[in-house]
Amino acid sequence: MNFFRSMEIAASGLTAQRYRMDIIGENVANATTTRTASGEAYRRKFVVFEEKSKPYPFSSWFALARLSNDGRGVRVVTQGEDQSPFKLVYEPEHPDANEEGYVEYPNVDIEKEMVDMLAASRSYEANLTVLNTYKSMAMKALEIGK
121 MNFFRSMEIA ASGLTAQRYR MDIIGENVAN ATTTRTASGE AYRRKFVVFE EKSKPYPFSS
181 WFALARLSND GRGVRVVTQG EDQSPFKLVY EPEHPDANEE GYVEYPNVDI EKEMVDMLAA
241 SRSYEANLTV LNTYKSMAMK ALEIGK
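In this text, residue positions in the sequence shown follow my numbering: the first is 121, and each later residue adds one.
Shown next as structure tokens:
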């Protein structure tokens, strides 16, 4: 694996985790939004990652694995919406209450979002540590030439 490809992999991890943290922040900010542009409560969003790779046929995977580690990093495949039911809270005086007096609140669980944010933050830090290590190695290699 070459030096710059390793940096590219760590940088892709930084980008993906930053996007994940943005989505988690959006979820937390809208945890009490009972009406969106679509007219319903805010739905929790999530992201799905996948490995960036060339589309090789399965028959060539073992040969490629023997020759090199051809990882390309990670990318965001899709941003989805959690289809779990909304939380119903009895508040008959609320302007968004239905005929029975219940308000549909978003399906956002703050505790789950905070745990996800912590995991994304730690992953971001790990990728940043990798980049800093590679930078340090490059500087040491330049010092050898002096």
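The C-beta atom is built at its ideal place from N, Cα and C for all residues, glycine as well. Fair warning: this is a prediction, and the values are worked out from it, not measured in the lab.
- Assignment of residue 165 by DSSP, reduced to helix, strand and coil, places it in the strand class.
- Within the same chain, Cβ atoms closer than 7 Å to the Cβ of residue 172 are found at 132, 192, 193, 194 and 195, the five residues on either side in sequence being excluded.
- Assignment of residue 228 by DSSP, reduced to helix, strand and coil, places it in the coil class.
- Check the Cα spacing between residue 146 and each of 166, 160 and 204: the tightest is with 166.
- In the DSSP assignment, the residues bridged to residue 194 are 171.
- Selection 141, 124, 227 and 206 evaluated against residue 234 yields 141 as nearest (Cα-Cα).
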